[in-house]
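Number of protein chains: 2
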Amino acid sequence: MQNIYIKDLSQHIGEEITLTGWLYNKRSSGKIKFIILRDGTGLLQCVYFKGNVTPEVFELADRLGQESSIEVKGKVKAEPRAVGGYELDATDLHVISEAHDYPITPKDHGVEFLMDNRHLWLRSSRQVAIMRIRHRIVKAIRDFFDNRGFTLMDPPILTPAACEGTSTLFETEYFDLGKAYLTQSGQLYAEAGAMALGKVYTFGPTFRAEKSKTRRHLTEFWMVEPEVAFNDLNDNMDLAEEFLEYIVQTVLKDKQEELKVLERDTTKLENVKKPLPRISYDEAVEILKKNGIDFQWGNDFGGTDETVISNQFDRPVMVHRYPAEVKAFYMKRDPQNEKLALAVDVLAPEGYGEIIGGSQREDSLELLQARIKEHNLPQSAFEWYLDLRRFGSVPHSGFGLGLERTVSWICGLDHLREAIPFARMIYRNTP
Amino acid sequence: MQNIYIKDLSQHIGEEITLTGWLYNKRSSGKIKFIILRDGTGLLQCVYFKGNVTPEVFELADRLGQESSIEVKGKVKAEPRAVGGYELDATDLHVISEAHDYPITPKDHGVEFLMDNRHLWLRSSRQVAIMRIRHRIVKAIRDFFDNRGFTLMDPPILTPAACEGTSTLFETEYFDLGKAYLTQSGQLYAEAGAMALGKVYTFGPTFRAEKSKTRRHLTEFWMVEPEVAFNDLNDNMDLAEEFLEYIVQTVLKDKQEELKVLERDTTKLENVKKPLPRISYDEAVEILKKNGIDFQWGNDFGGTDETVISNQFDRPVMVHRYPAEVKAFYMKRDPQNEKLALAVDVLAPEGYGEIIGGSQREDSLELLQARIKEHNLPQSAFEWYLDLRRFGSVPHSGFGLGLERTVSWICGLDHLREAIPFARMIYRNTP
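Those protein sequences? They're chains A and B, same order as listed.
Quick note on the numbering used here: the first sequence kicks off at -18 and runs consecutively.
Quick note on the numbering used here: the second sequence kicks off at -18 and runs consecutively.
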């Protein structure tokens, strides 16, 4: 068992220790060989002086290829100039498994080559930093809801019907029961949960068989969806802004080192504090027009529209009350204007677009039945969902936050594919 | 927005408050009507004295059906004899949505009827208790690994090849790339993660299209899978026993109230502390023979075998070193005996069977290639996995724990279908 990790070296200064890991990089300077060891928790420069080790060890240090697994021995010393702040005055070196011709070298590689070798690419410092930040975001999301009395409700992945439209479904044969579909959202199930437990959240993988090749789409992505009984649209926005502040400020507090590896300019993240600006769809359309964009009221915003709108603000902006026609059937209409849905989208700054979509839900049985008919959805598949309105309907609201879009924004990534360990896209389902 | 919840009533004794929720039950006693309110956080008896409220309110209290959504007003007082320990001396009552003929009444219903109405069944006290314990177990699992330096690595759900055998796969068309399969285990991806980050865990839904109708099988279930570089089989068992102790003792500490609702005898759970007994497969076979079971060395254990073995112990038992033939291709062989795999299964007491399966992994490229051939698996699909042995292979181990089996055991359930919000089985994919 690994007893000492690089991240804990501060507790071992002056000690003679043994570490295991992989050769991340090496260089030579006459009578000195430098080996950079990585162990998954950090990097450590191990210094082999010709006079301090046997000739065999010195020769070995020269020969080993990148990503060879090794055991190193030596004395730990503080060395502010070295990576991580420590250095090993090495006395010994053993090979566990010698590697040669490791495909990913410090030189530049094309993205497709790196994605083909994703299982190895994950070992690079940049990818390690992203995975650590992703983990911290997941934990912040769960802590936020756990500490506020929400109950986790894992929704099913295999579902009998579509929830967000039928054109982008993955389907599979389900024994003798016909077809089942991979879930597009846990929301309908979260609503059942909210009627049982008051405040719930779902958090799991969701699927869209979208034939989209943009940098903002994955076919498989994780989504967290809180749902709260008795919350209206304003309560929903209050929850969303508190939530976003908590996630971003937690990462800023705990993950400075990783953000530095990614060379992320964090000044724009520091602004993510409530209150977030709230504008109506109508006001957003005005912004587009003032910026010379020919936008037709009633349409949904495209990526460029979102960027123009969000560029007006120094933090995420909440846009509420969209035309009902561009939104899902289950959203409640605005009592002030039947053409509007009580929806809210949150647009991230810096061109990262929509990261949250939510709404108050229709709580009238009759109106919901009418919407299902208007949308040509099969009412039989939704009878269970209609039961939530037949038996004790209450006002309720919720939203969904896309994990990979959030990771991408906070890390400052160019493409969602780096925000998840093994991305799935229209042209990729490997490795 | 709901401002006061039943679980927080101790902070409001003597205050006049308003609460919202659902009518859980009611009874009448001449000039008094009792309404049991539920709000997802608890139950509260609201007492309507004829003289204290208007005749309309008194009549309304009489008329409302189960699961009507309501708003109640009144003064909170401590009442040790009432459910939850508090009572509302009620002064007013408003209907939000009146319900009649709620399908699930306090009388007995058949299981299939309850599963058909799972979206409503979740509102009952027993199901609420199970969901809260499930949530606490999920949080304990994540806290355990988060606090020990593990990094979360979400594995893909859509995978290009089978990992645990090809007979139980759900498949879907994946654009122009042919078929993709729903993951049976995140392990292979966790191994890639362990080589990058040292200690990782995956935790997500996994799928088995098993035509099994037992009470211990779901087609969709959640699994947590830690994987640790440089851990051998013994380290793996150390981790597993510490993990199980942490989960069970955490639930015992935090969820006494819910365990009481379930009438769980917790004395047997209190024993779940390390060290757990460790016996070899050979010793387990001896136990079966001593108990008069005609068992052939080389077979895998069936449900009855597991129960006989686990009945010998007062806590979960770890059975290690199984015949390699009944285990997966990626398990390392025992250097002492080539016929054995360095596997470990943990059997829960009280007949709950296998809850953990794990092993040390084969770290030799040549042996792993040979196993893939022996198992008739397509080597091309595993090239990326073989790369983990080509480039810096190290000893490593891990295991998987099935969430629903663990929930079922800790809650003392008869069937896995109650351990997950919306169970998926061979004959059910609704609601």
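Yeah, the Cβ is synthetic: ideal placement off N, Cα and C, and Gly gets one too.
Source: prediction; values computed, not measured.
Of the candidates B:Ala161, B:Thr248, B:Lys354, B:Leu214, B:Thr248 places its Cα closest to the Cα of glutamine 230 of chain B. Ranked by Cα distance from leucine 4 of chain B, the options B:Glu(-3), B:Glu(-4), B:Asp246, B:Arg19 are led by B:Arg19. Shortest Cα-Cα distance from threonine 147 of chain A to any of A:Gly130, A:Tyr155, A:Gln165, A:Ile138 involves A:Gln165. When Cβ-Cβ separations below 9 Å define contact, phenylalanine 294 of chain B makes no contact with chain A. For histidine 116 of chain B, no beta strand (DSSP E) run applies; the uninterrupted alpha helix (DSSP H) run containing it begins and ends at 106 to 127, by DSSP. Excluding the 5 residues flanking it on each side, arginine 386 of chain A has same chain C-beta neighbours closer than 6 Å at Ile336, in chain order. With contacts defined by Cβ atoms closer than 9 Å, leucine 41 of chain B and valine 76 of chain B form a contacting pair.
Among the CB atoms of chain B, one or more fall inside 9 Å of the CB of valine 375 of chain A. DSSP, read as helix, strand or coil, puts isoleucine 391 of chain A in helix.
In this structure, alanine 329 of chain A sits away from proline 304 of chain A, with a CB-CB distance that is not shorter than 9 Å.
Assignment of beta-bridge partners to proline 359 of chain A by DSSP yields no partner. For glutamine 237 of chain B, no beta strand (DSSP E) segment is defined; the enclosing uninterrupted segment is the alpha helix (DSSP H) at 237 to 242. With a threshold of 9 Å between beta carbons, asparagine 98 of chain B makes contact with chain A. Minimum Cα-Cα distance from proline 137 of chain B among the listed residues B:Arg129, B:Thr149, B:Ala161 corresponds to B:Ala161.
Proline 376 of chain A is classed as buried because its beta carbon has at least 16 other beta carbons within 10 Å across all chains shown. Among the residues facing chain B, leucine 243 of chain A is not included, as its CB has no counterpart in that chain under 9 Å away.
Contact with chain B is found for lysine 120 of chain A, since one of that chain's Cβ atoms lies less than 9 Å from the residue's Cβ.
The Cβ of asparagine 410 of chain A sits closer than 9 Å to at least one Cβ of chain B. With fewer than 16 other beta carbons inside 10 angstroms of its own, threonine -1 of chain A counts as exposed.
Judged by DSSP in its simplified three-state form, methionine 134 of chain B adopts coil rather than helix or strand. For tryptophan 102 of chain B, no beta strand (DSSP E) segment is defined; the enclosing uninterrupted segment is the alpha helix (DSSP H) at 99 to 102.
Linking phenylalanine 131 of chain B to lysine 180 of chain B through their CA atoms gives a straight-line distance of about 5 Å.
When 7 Å is used as the limit between beta carbons, leucine 101 of chain B is near these residues of chain A: Asp368, Phe372, in chain order.
The beta carbon of valine 109 of chain B falls within 9 Å of a beta carbon belonging to chain A, placing the residue at that interface. Contact with chain B is found for leucine 4 of chain A, since one of that chain's Cβ atoms lies less than 9 Å from the residue's Cβ. Taking 8 Å as the upper bound for CB-CB distance, leucine 382 of chain A and methionine 204 of chain A are in contact here, some 7 Å apart.
Under the Cβ distance rule, serine 49 of chain B counts among the residues neighbouring chain A, one pair being separated by less than 9 Å.
Glutamate 152 of chain B and leucine 163 of chain B have their C-alpha atoms spaced approximately 6 Å apart. Taking 9 Å as the cut-off, the beta carbon of lysine -12 of chain B is found no closer than this to the beta carbon of leucine 133 of chain A.
In the same chain as alanine 173 of chain A, and ignoring 5 residues on each side of it, the C-beta atoms closer than 7 Å to its own belong to Leu369, in chain order. Note: valine 205 of chain B is bridge-paired with B:Phe184, B:Leu382 in the DSSP secondary-structure output. For the stretch -17 to 60 of chain A, the full-length alpha helix (DSSP H) segments reaching 4 residues or more read 36 to 44 along the chain. Comparing C-alpha distances from arginine 123 of chain A to each of A:Phe224, A:Tyr333, A:Val300, A:Val242 shows the shortest one belongs to A:Phe224. Remark: C-beta atoms of asparagine 212 of chain B and glycine 379 of chain B approach each other more closely than 9 Å. Taking a beta-carbon distance threshold of 9 Å, histidine 90 of chain B does not count as an interface residue toward chain A.
Going by beta carbons, proline 258 of chain A and phenylalanine 294 of chain A fall inside the 9 Å limit.
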